[in-house]
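Participant: Structure below; questions to follow.
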Amino acid sequence: MNAMTDWIEIGQIEDIPRQGSRVVATPNGNVAVFRTVDDEIFAVRDVCPHKGGPLSQGIVCGKRVACPLHNWVIDLASGEAAPPDEGRTACFPVKAVEGRLWLKLVGSE
Amino acid sequence: MKKQKLIVIGNGMAGIRTVEELLKIAPDAYDITVFGAEPYCNYNRILLSPVLAGEKKLDDIILNDDAWYESNGIALHKGRKVVAIDRRRRLVRTEDGLEANYDRLLLATGSTPFMLPVPGRDLPGVIGFRDIRDVELMLEASQKYHRAVVIGGGLLGLEAANGLKKRGMAVTVVHLLDTLMERQLDKPAADLLKRALEDSGLEFRMEAETAAILGRDRVTGVRFKDGSEIPADLVVMAVGIRPNVDLAKSAGIHCERGILVSDTLQTFDPRIYAVGECVQHRKQLFGLVAPLFEQARVCANHLAEYGIARYEGSVTSTKLKVTGIDLFSAGEFQGGNGYEELLFQDPARGIYKKLVIESNRIKGAVLYGDTGDGAWYFQMMRDGTDISAFRENILFGQAHLGDAGHGADNRAALMPDTAEVCGCNGVCKKTIVDAIVQKKLFTLEDVRAHTKASASCGSCTGLVEQILQSTLGSDYSVSPAKKPLCKCTDHTHEEVREAIRSQNLKTIPEVMRFLDWKTADGCHSCRPALNYYLLCQWPNEYRDDPQSRFINERAHANIQKDGTYSVVPRIWGGVTNPRELRAIADVAEKFEVPMVKITGGQRIDLLGVPKEQLPAIWAELGKHGLVSGHAYGKSLRTVKTCVGKEWCRFGTQDSTKMGIALEKMTWGSWTPAKVKMAVSGCPRNCAEATIKDFGVVAVDSGWELHVGGNGGVKVRATDFLCKVDTEEEVMEYCGAYLQLYREEARYLERTAHWIERVGLAYIQERVVSDPESRRALYERFLESQRSAQIDPWSVLARESERRHFEPLRKVG
């Protein structure tokens with residue numbers, strides 16, 4: 012089994028509050044897993060491209076999160092910072108199957 | 019759905035700004051076609067003066083190039099004049115016979131310079147000052163000829179004269195009246211201006227009425243009513259503008275001096291809108307750019323079928339775009355007639371300031387030589403701020419209110435390029451100027467987004483506005499008087515709160531639905547504000563939404579730059595004991611807290627705690643009776659005290675006891691922004707009560723109450739609220755004042771700014787002079803405290819809550 016390429020079960024969708032996030036701790040740092048108001052799930056590296064703030068702690072609106080340190084707004088689907096800010100954080104494949112959450116640790120670095 | 023067709027007649031600033039606003043909110047609503055009579059892309063007409071003066075090049079003032087039209091799918095017809103509108107068939111026709119259909123039509127035909135009806139006005143060499151073509155003619159003339167006459171000593175005329183002089187011509191300005199720029203300046207300021215312009219080499223003929231333009235094949239001179247003549251190779255008429263209404267008129271659209279529009283910018287034909295210098299709204303015509311931008315925003319809102327915005331007229335300010343001359347004017351600058359006037363004159367430094375006041379409110383301003391506070395006066399004028407509390411200092415400027423601090427800054431125009439403007443984000447003047455010029459920024463919000471200047475603490479906002487003003491020249495677009503809560507809505511803070519109250523709205527989604535929020539679930543600006551407003555309006559009932567709180571208030575700890583948190587237990591009135599200190603020390607040791615620090619608010623800060631550890635630390639502290647200090651919240655922080663009469667030989671009252679009582683009453687209360695208090699035992703004021711949001715200073719006969727102080731960004735000393743006799747009164751006044759602040763200040767607005775906005779007189783009216791109002795406020799405060807005083811740490815330290823602080827899973 013290869014942890015880098017396999018789907019890993021990380022918990023239930025209810026474990027994450029709507030418009031909220033929890034992290035998955037990995038040897039390479041935290042991955043932030045988000046649940047939007049419509050129960051969509053996204054996963055990005057928990058590091059803001061600006062000054063490294065923990066995105067998991069930000070306020071989630073639509074499919075975006077505002078970094079808690081300086082309010083950069085990051086698109087959860089692409090990892091891109093909203094213009095005019097420029098930068099990108101890595102995204103990870105994540106899916107919900109029958110309420111269970113699965114994450115793959117191959118990032119779009 | 020098939021797209022509707024929008025045709026815009028006029029490729030100038032007003033028309034294209036409307037299109038830009040429309041694209042922002044409804045990018046797919048229309049197929050857009052733009053007709054422009056000039057053979058250029060959209061350019062910044064207000065910057066023609068600097069182009070004429072050689073300070074800018076034509077390329078610098080293009081706002082939208084061909085690529086912009088293309089990438090937005092806009093069909094642009096440059097150099098094609100629309101000559102007819104067929105309203106029945108809903109189509110427009112150009113001079114060369116092109117026809118195009120519309121579902122909605124936007125008229126932005128602008129204005130033309132008014133040419134005096136005197137003999138010779140059609141001679142070659144007689145021109146207006148309106149477009150790129152006029153500038154080219156002037157530049158051509160300046161190379162071949164020497165003597166220029168500018169008729170009209172208004173804003174535009176003086177800018178033209180200055181430009182021609184810079185191009186090497188000898189220029190005489192002819193003015194009908196004895197006052198230059200009489201629509202913006204009073205006589206003393208106009209005289210200072212005239213002297214400065216004379217020193218720079220311009221000549222003036224005042225109170226001179228033009229009778230004829232002389233010459234046969236080209237202009238050779240100007241003759242006046244009194245028979246005197248002056249020679250001229252070029253005559254520029256700058257005596258006013260006329261709205262271009264011919265096209266609208268010929269289509270049967272009702273016009274007076276301009277095309278008549280309603281508050282929704284619609285003409286008498288509801289399919290046809292109009293914006294800019296061609297319109298007449300509530301009897302007003304327009305010549306400055308700021309109102310055009312406000313109109314554009316409203317018009318776009320209706321074109322997008324949102325249907326909620328209204329244009330209710332603009333208050334404008336003016337600045338002259340002549341290098342080296344600092345001049346600002348706004349509102350009812352003339353005074354007289356029941357107005358009071360505040361005057362400051364320093365002839366040696368060439369400074370003149372006049373504020374026109376009515377009932378302690380600014381109605382107008384003229385500033386010459388030192389315009390640094392123009393933006394501030396203008397803001398207060400638009401907000402109707404009561405200035406009675408600082409009236410005696412107002413002419414000395416904002417920096418002289420309270421104390422200096424970081425907010426006091428120099429005049430933008432004189433700053434070197436390398437000077438740091440925004441100390442928070444390290445932005446220097448040149449970065450801002452470059453962004454304004456290269457990225458074509460017009461508003462404070464634009465500059466904030468692109469440079470981050472003034473985007474953090476905001477203390478340099480005035481300075482950034484000044485840089486905008488001095489870079490853009492005269493009338494840059496000031497932010498509209500009515501400020502929406504955030505980009506998700508057009509409603510103001512006050513309108514949102516009123517809707518919550520009157521419509522009985524109880525949740526964030528309900529508010530958003532009722533007020534037609536533009537986003538599905540708001541943004542990081544509006545959600546915390548709405549959460550607070552609901553909490554404040556429906557105490558003991560509203561269920562707090564943690565996901566709409568900033569992380570500090572969600573985690574009940576302060577996030578640090580490395581993602582760890584800090585923990586500050588409450589230390590009542592700054593008084594502690596060995597047991598508490600031992601508990602804190604034990605926790606710090608047990609959890610290996612990296613740093614233990616004494617705070618400015620007489621407490622102890624444990625810094626560098628990982629999120630997972632927070633509940634365990636709280637549980638440990640809780641065992642010894644230590645509770646959350648709310649050092650992280652928009653809430654009551656600390657009540658700082660001195661030792662008071664119990665120990666101090668100067669003390670007049672028991673300030674520690676008073677401070678602890680205040681803290682016991684107010685802790686746990688959520689407020690629009692953080693609130694700090696202090697109690698000093700005598701006027702020596704060791705607890706620094708006069709820079710707190712609420713400060714109490716003991717005197718022998720009772721207690722002085724002070725409000726609206728701030729020791730932060732800009733030091734602001736408190737205003738004296740009143741004096742009371744008893745401790746009970748201190749409690750009641752404090753509770754009432756806090757409740758008024760909670761109910762009426764905007765979210766994130768500190769008491770200092772709130773008081774500067776509404777005026778001390780208003781606070782005194784509600785809290786001091788009207789006992790019934792005070793008691794009602796006090797009771798509402800106590801009522802809301804019933805369910806607020808639950809220690810969040812003890813709740814979150816429970817086993818059942820701890821998972822919120824832990825990773826979902828650990829891998830590898």
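Here the protein sequences line up with chains C and G, keeping their order. Counting from 1 along the first sequence, just add 11 to a position and that's the residue number in the numbering used here. Counting from 1 along the second sequence, just add 18 to a position and that's the residue number in the numbering used here. Every residue, glycine too, gets a C-beta built ideally from N, C-alpha and C. From a predicted model like this one, the values you see are computed outputs, not experimental measurements.
#1: Give me the Cα-Cα distance between TRP688 of chain G and ASN549 of chain G, rounded to the nearest whole angstrom.
#2: Does the distance from the CB of MET187 of chain G to the CB of HIS164 of chain G come in under 8 Å?
#3: Indicate whether ILE150 of chain G and TYR58 of chain G have their beta-carbon atoms separated by less than 8 Å.
#4: Between PHE132 of chain G and the ligand NAD, is the CB less than 7 Å from at least one heavy atom?
#5: Check the DSSP bridge columns for HIS724 of chain G and list the partner residues they point to.
#6: Given 8 Å as the limit, is there contact between the segment 258-270 of chain G and the segment 91-110 of chain C, that is, 3 or more CB pairs closer than that?
#7: Specify the secondary structure class of MET832 of chain G as computed by DSSP and reduced to three states.
#8: Measure the beta-carbon distance from ALA318 of chain G to SER347 of chain G and round it to whole angstroms, keeping in mind my assumption that it falls under 8 Å.
#9: What are the partner residues of LEU654 of chain G, as DSSP defines its beta bridges?
#10: With a Cβ-Cβ cutoff of 8 Å, do SER673 of chain G and GLY699 of chain G count as a contact?
#11: Just to confirm my understanding: we take LEU486 of chain G, look at its own chain, exclude 5 residues before and 5 after, and list those with CB closer than 7 Å. What are they?
#12: Grouping DSSP H, G and I as helix and E and B as strand, with all else coil, what is CYS440 of chain G?
#13: Assuming contact is defined by CB atoms lying nearer than 8 Å, are ALA118 of chain G and THR36 of chain G in contact in what I supplied?
#14: Could you round the C-beta distance between GLY126 of chain C and THR537 of chain G to whole angstroms and report it? I think they count as a contact, below 8 Å.
#15: Measuring CB to CB, does LEU826 of chain G end up less than 8 Å from ARG33 of chain C?
#16: Kindly say whether VAL829 of chain G, judged by its beta-carbon, lies nearer than 8 Å to any beta-carbon of chain C.
#17: Alpha carbons only, please: which of G:VAL445, G:SER488, G:LYS458 is nearest the one belonging to SER472 of chain G?
#18: Under the three-state reduction of DSSP, which class applies to GLY425 of chain G: helix, strand or coil?
#19: Taking DSSP's pairing of strands, which residues face SER584 of chain G in a bridge?
#20: According to DSSP, is PRO249 of chain G part of a helix, a strand, or is it coil?
#21: Would a check of beta-carbon distances place GLY124 of chain C closer than 8 Å to chain G?
#22: Measure from the C-beta of ILE52 of chain C to each C-beta in chain G and report whether the shortest distance is under 8 Å.
#23: Does the count of Cβ pairs from the segment 500-515 of chain G and the segment 474-481 of chain G closer than 8 Å reach three?
#24: Does DSSP put GLY72 of chain G in a helix, a strand or coil?
#25: Short of 7 Å Cβ to Cβ, which residues in the segment 569-603 of chain G face chain C?
#26: In angstroms with no decimal places, state the Cα-to-Cα distance between ALA422 of chain G and HIS771 of chain G.
#27: To the nearest angstrom, how far is it from the Cα of GLN578 of chain G to the Cα of TYR120 of chain G?
#28: Could you have a look at HIS299 of chain G and say whether DSSP puts it in helix, strand or coil?
#29: Buried or exposed for VAL316 of chain G, going by 16 or more other Cβ atoms inside 10 Å?
#30: Take GLN30 of chain C and list the residues in its own chain whose beta-carbon comes closer than 6 Å to its own, dropping the five residues that flank it on each side.
#31: Roughly how many whole angstroms lie between the Cα atoms of LEU310 of chain G and GLU483 of chain G?
#32: Under three-state DSSP, which class holds VAL455 of chain G?
#33: Who are the Cβ neighbours of TYR765 of chain G in its own chain at under 6 Å, not counting the five residues just before and after it?
#34: With distances taken between CB atoms, is the gap from ILE2 of chain G to ASN82 of chain G smaller than 8 Å?
#35: Would HIS327 of chain G and ASP508 of chain G be called neighbours here (beta carbons separated by less than 8 Å)?
#36: State the Cα-Cα distance for the pair HIS424 of chain G and ALA407 of chain G, rounded to the nearest angstrom.
Facilitator: Taking the geometry as given:
#1: Working through the second sequence from its first residue, we reach residue 688 of chain G at position 670. Working through the second sequence from its first residue, we reach residue 549 of chain G at position 531. Their backbone Cα atoms lie some 11 Å apart in a straight line.
#2: For the purposes of this step, residue 187 of chain G is identified with residue 169 of the second sequence, where counting begins at 1. For the purposes of this step, residue 164 of chain G is identified with residue 146 of the second sequence, where counting begins at 1. Cβ distance < 8 Å, so MET187 of chain G and HIS164 of chain G count as in contact.
#3: Sequence index remark: in the second sequence, residue 150 of chain G carries index 132 (1-based). Sequence index remark: in the second sequence, residue 58 of chain G carries index 40 (1-based). Against a cut-off of 8 Å, the Cβ pair of TYR58 of chain G and ILE150 of chain G comes out as a contact.
#4: Among the ligands in the structure shown, none appear at all, so the ligand NAD cannot be discussed.
#5: Residue mapping note: residue 724 of chain G aligns to position 706 of the second sequence, counting from 1. Bridge partners of HIS724 of chain G: G:GLY713, G:PHE738.
#6: no
#7: The structure shown does not extend to residue 832 of chain G, since chain G is modelled only from 19 to 830, so the question has no answer here.
#8: For the purposes of this step, residue 318 of chain G is taken as residue 300 along the second sequence, with counting starting at 1. For the purposes of this step, residue 347 of chain G is taken as residue 329 along the second sequence, with counting starting at 1. Not a contact, Cβ separation roughly 29 Å.
#9: As a position in the second sequence, residue 654 of chain G is number 636, starting the count at 1. Per DSSP, G:VAL693.
#10: Locating residue 673 of chain G in the second sequence gives position 655, counting from the first residue. Locating residue 699 of chain G in the second sequence gives position 681, counting from the first residue. For SER673 of chain G and GLY699 of chain G, yes; Cβs fall inside 8 Å.
#11: Counting from one through the second sequence, the residue named residue 486 of chain G turns up at place 468. ILE454, LEU462, VAL465, TYR494.
#12: Numbered from 1 along the second sequence, position 422 holds the residue referred to as residue 440 of chain G. CYS440 of chain G falls in the strand class under three-state DSSP.
#13: Looking up residue 118 of chain G in the second sequence gives position 100. Looking up residue 36 of chain G in the second sequence gives position 18. No, they are not a contact pair.
#14: No answer is possible for residue 126 of chain C: the residues shown for chain C start at 12 and end at 120.
#15: Your numbering for residue 826 of chain G matches position 808 in the second sequence. Your numbering for residue 33 of chain C matches position 22 in the first sequence. In this structure, ARG33 of chain C lies closer than 8 Å to LEU826 of chain G by Cβ.
#16: Looking up residue 829 of chain G in the second sequence gives position 811. It does: the Cβ of VAL829 of chain G has a partner Cβ on chain C nearer than 8 Å.
#17: Position 454 of the second sequence, counted from the start, is the residue given in the question as residue 472 of chain G. When each option's Cα is compared against that of SER472 of chain G, the closest is G:VAL445.
#18: Position 407 of the second sequence, counted from the start, is the residue given in the question as residue 425 of chain G. Low confidence applies here, because GLY425 of chain G scores a pLDDT of 44, under 50, leaving its location unreliable; read the following figure in that light. Residue state, collapsed to three classes: helix.
#19: Numbered from 1 along the second sequence, position 566 holds the residue referred to as residue 584 of chain G. DSSP lists G:ASN576, G:LEU625 as partners of SER584 of chain G.
#20: On the second sequence, residue 249 of chain G is found 231 positions in, with the first residue counted as 1. If DSSP states are grouped into helix, strand and coil, PRO249 of chain G belongs with the strands.
#21: For chain C, the structure presents residues 12 to 120; residue 124 of chain C sits outside this window and is missing.
#22: Within the first sequence, numbered from 1, the residue matching residue 52 of chain C stands at position 41. No - not a single Cβ of chain G is within 8 Å of the one on ILE52 of chain C.
#23: no
#24: Indexing the second sequence from 1 puts residue 72 of chain G at position 54. Residue state, collapsed to three classes: coil.
#25: ILE569, ILE577, LYS579, GLY581
#26: Looking up residue 422 of chain G in the second sequence gives position 404. Looking up residue 771 of chain G in the second sequence gives position 753. Low per-residue confidence applies at ALA422 of chain G: pLDDT is 43, beneath 50, and the placement is therefore not dependable, though the value from the model is reported in the following sentence. Roughly 15 Å separates the two Cα atoms.
#27: On the second sequence, position 560 is the one that residue 578 of chain G refers to. On the second sequence, position 102 is the one that residue 120 of chain G refers to. Approximately 56 Å, taken between the alpha carbons.
#28: One-based indexing of the second sequence puts residue 299 of chain G at position 281. Of the three classes helix, strand and coil, the one that applies to HIS299 of chain G here is strand, per DSSP.
#29: Numbered from its first residue, the second sequence carries residue 316 of chain G at position 298. With 16 or more Cβ atoms within 10 Å of its Cβ, VAL316 of chain G is classed as buried.
#30: As a working mapping, residue 30 of chain C is identified with position 19 in the first sequence. Cβ neighbours of GLN30 of chain C beyond the five flanking positions: VAL48, VAL71.
#31: Counted from its first residue, the second sequence places residue 310 of chain G at position 292. Counted from its first residue, the second sequence places residue 483 of chain G at position 465. Taking the straight line from one Cα to the other gives about 19 Å.
#32: On the second sequence, residue 455 of chain G is found 437 positions in, with the first residue counted as 1. The answer is helix: DSSP assigns VAL455 of chain G an H, G or I state.
#33: To locate residue 765 of chain G, count along the second sequence from 1; it is residue 747. Excluding residues within five positions, the ones whose Cβ falls inside 6 Å are ALA547, TYR550, PRO690.
#34: This structure cannot speak to residue 2 of chain G, because chain G is shown only from 19 to 830.
#35: As a first step, residue 327 of chain G must be located in the second sequence, where it is residue number 309. As a first step, residue 508 of chain G must be located in the second sequence, where it is residue number 490. Residue 327 of chain G is actually Ala in this sequence, not His. Yes, the Cβ-Cβ distance between ALA327 of chain G and ASP508 of chain G is below 8 Å.
#36: Position 406 of the second sequence, counting from 1, holds the residue named residue 424 of chain G. Position 389 of the second sequence, counting from 1, holds the residue named residue 407 of chain G. Any reading at HIS424 of chain G needs caution, since the residue's pLDDT is 44, under 50, leaving its predicted position unreliable; the model's value is listed next. Spanning the two alpha carbons is a distance of roughly 22 Å.
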